[in-house]
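The working numbering runs 341 ahead of the 1-based position in the sequence shown. By construction, the Cβ of each residue, glycine as well, lies at the ideal position given by its N, Cα and C atoms. Some notes on the structure that comes next.
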Amino acid sequence: SGEFERLIEERGAVTNAATSQEYTHYYITTAPKDFAELAPLQLEVVLNPSIADDAFERERLVILEEIRRSEDNPRRRTFYRAMETCFETLPYRRPVLGPASVIEQLTPQQMRDFHGSWYQPRSMTAAVVGNLPVEEMIEIVVEGVTKFKIQNSEFKIQNSTSLFPEKPFREVVRREYVDESLQQARLVMAWRVPGLTELSETYALDILAVVLGQGKVSRLFRDLREERGLVTQIGASNMTQGVQGVFYISAQLPSENLPQVEAAIAQHLFKIQTESITKNELSRIRTQVANRFIFSNERPSDRANLYGYYYSQLQDLEPALNYPAYIQSLEPTDIQAAAKRYLSPNAYGIIVMRPSLQ
């Protein structure tokens, strides 16, 4: 690892890692001329680390500090509460970082055993994008992987196929908390929606998130922030996860406006279900969503991340290549049907964080 870090610095390359609800990924961005030297070292760091006791203890402190910071962050706290409310059984209800009580008890040997079970070539997707011949890139990666001994672990890897989506909310499920650190209240309304297992159902929801709460011309921002001044911030997003997604509307607002804002959001959902979006509005938003996807995947590192994501989750690159086309094919009736099917104004999870009891 020390040699790897030294070479990375010398070559002006970049390496890092991140974990999401679905996967952990490690990446390196380097000049094409250095790929043959650095890629095998990246693979060695991932597949064959030493995990020394003293290094483990140092990293434990780093993770515990990350957990502490996340718990000190009002936005993160609100998000965690929302996911706990939205999912009763699926692992998405748990924070990615995990609880401090578990991290404090882990031993270096437990980490080595975990690594030996999970960090095997058979459970890895390698994605490479760059200005080199394809055959050469493949050969470098294959050689880098095959030199490591594959362990015959009895550890059973849980596949997402053994998990099932939870049923949509049938009523309003309300959770309220007092958070003395807040200056204003936080409101989150959430709906269980399709995930990657029903990918074709997610595109209209991506559009609905923009229609309702992304940008200054979105309906909720225009009405509740600009015109009526009921909220300080408001936004919507469609989080597409493997087994099940979440459609999420969040706002920051004075506590006294909470009932009015909740009712107004429900009214906007009812309106979008009963009055079809105009072709002009949809055309503008389709182009906005498609272009944002294209621009956010311009760099080789972005595309490697994109392809790795789709292939690791779906074993298929077609949706990654054709996302803009799927978005552009949507009609007003598709948007209205998705709103009716998934975004009930009468059944959702709602999380309220108040600055104090009022």
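Is it buried or exposed for residue i, if we count other Cβ within 10 angstroms and need 16 for buried?
i      : result
ARG422 : buried
SER391 : exposed
LEU662 : exposed
ASN357 : exposed
PRO535 : buried
PHE496 : Residue placement at PHE496 is poorly supported in this model, since its pLDDT is 49, which falls under 50; the coordinates still yield a value, given next. The residue in question, PHE496, is exposed, as its Cβ has fewer than 16 Cβ neighbours within 10 Å.
ILE691 : buried
PRO575 : Reading the sequence as shown, one finds Ile at residue 575 and not Pro. Burial call: buried.
ARG569 : exposed
ASN638 : buried
GLN555 : buried
ILE590 : buried
GLN585 : buried
LEU627 : Sequence inspection shows Arg at residue 627; the Leu mentioned does not correspond to that position. With 16 or more other Cβ atoms within 10 Å, it is buried.
ARG560 : buried
PHE428 : buried
THR430 : exposed
ASN598 : buried
ALA645 : buried
PHE455 : exposed
THR419 : buried
LEU402 : exposed
Considering only residues of the same chain and omitting the five flanking positions on each side of residue i, which have a CB-CB separation below 7 Å?
i      : result
GLN654 : GLU363, LEU537 and GLY583
TYR689 : PHE510, VAL513, MET530, ALA531 and TRP532
THR371 : ARG352, ALA354 and LEU379
VAL602 : LEU528, LEU565, LEU571, VAL572, ALA592 and LEU594
GLN614 : GLN677, ALA680 and LYS681
ARG453 : ILE392
ALA467 : VAL482
ASP675 : ALA545
PHE611 : PRO686
GLY485 : ALA380, PRO381 and LEU384
If you drop the 5 nearest sequence neighbours on each side, which residues of the same chain put their C-beta closer than 8 Å to that of residue i?
i      : result
ASP564 : ALA605 and HIS609
PRO660 : LEU540, TYR651 and TYR667
ILE635 : PRO665
ARG640 : none
ILE369 : ILE349, ALA354, VAL355, THR356, LEU379, ALA380 and GLN383
So, for residue i: in the same chain, excluding its five sequence neighbours on each side, which residues have a beta-carbon less than 6 Å away from its beta-carbon?
i      : result
ASN579 : LEU546, ASP547, ALA550 and PHE588
ILE408 : LEU438 and ALA441
PHE747 : Residue 747 is absent from the model: the chain starts at 342 and stops at 699.
TYR518 : MET694
ASN621 : none
THR426 : ARG516, GLY690 and ILE692
THR543 : PRO535 and THR581
Hey, out of the options, whose CA is closest to residue i's CA?
i      : options                           : result
LEU623 : THR581, PRO440 and LEU671         : LEU671
GLN446 : ILE479, GLU398 and VAL486         : GLU398
LEU348 : TYR368, LEU382, THR360 and PRO373 : LEU382
GLU616 : PHE345, TYR433, ALA680 and GLU484 : ALA680
LEU523 : GLY343, GLU346, ARG695 and PHE345 : ARG695
PRO373 : ILE635, PRO474, TYR648 and ALA393 : PRO474
MET424 : VAL630, GLN461 and GLU507         : GLU507
ILE444 : VAL552, LEU405 and THR619         : LEU405
ALA396 : THR360, GLY343 and ILE369         : GLY343
ASP413 : PHE611, THR426, VAL470 and ASP520 : ASP520
GLN629 : SER464, TYR664 and PHE420         : TYR664
PHE376 : GLU346, MET478 and SER697         : MET478
PHE505 : TYR433, LEU553, ARG401 and GLY471 : TYR433
ARG463 : GLY471, THR487 and THR448         : THR487
THR360 : PRO600, PRO436, GLU400 and GLN525 : PRO436
Just verifying my parser: in three-state terms, what is the DSSP assignment at residue i?
i      : result
GLY594 : Checking the displayed sequence, the identity of residue 594 turns out to be Leu instead of Gly. Three-state DSSP puts LEU594 in a strand.
GLN524 : coil
PHE496 : Interpretation of PHE496 is limited by its pLDDT of 49, a score under 50 that renders its predicted location unreliable; the figure taken from the coordinates is listed afterwards. The answer is coil: DSSP assigns PHE496 none of H, G, I, E or B.
ALA393 : coil
PRO474 : coil
MET424 : helix
GLY576 : strand
VAL486 : helix
PRO506 : coil
TYR433 : helix
VAL551 : helix
ALA545 : helix
GLN608 : helix
ALA688 : coil
GLU558 : The question names Glu, yet the displayed sequence has Val at residue 558. Note: VAL558 maps to coil in three-state DSSP.
GLU517 : strand
VAL443 : helix
TYR460 : coil
PRO449 : helix
VAL584 : coil
ALA468 : coil
PRO535 : strand
ARG695 : strand
Report the start-end ranges of each alpha helix (DSSP H) in the region 625-668 that is 4 residues or longer and not cut off at the edges. 641-655, all fully within the region 625-668.
Enumerate, from N- to C-terminal direction, the unbroken beta strand (DSSP E) stretches of 3 or more residues contained entirely within the region 343-391. If we require 3 residues or more, the beta strand (DSSP E) runs fully inside the region 343-391 come out as 355-360 and 365-370.
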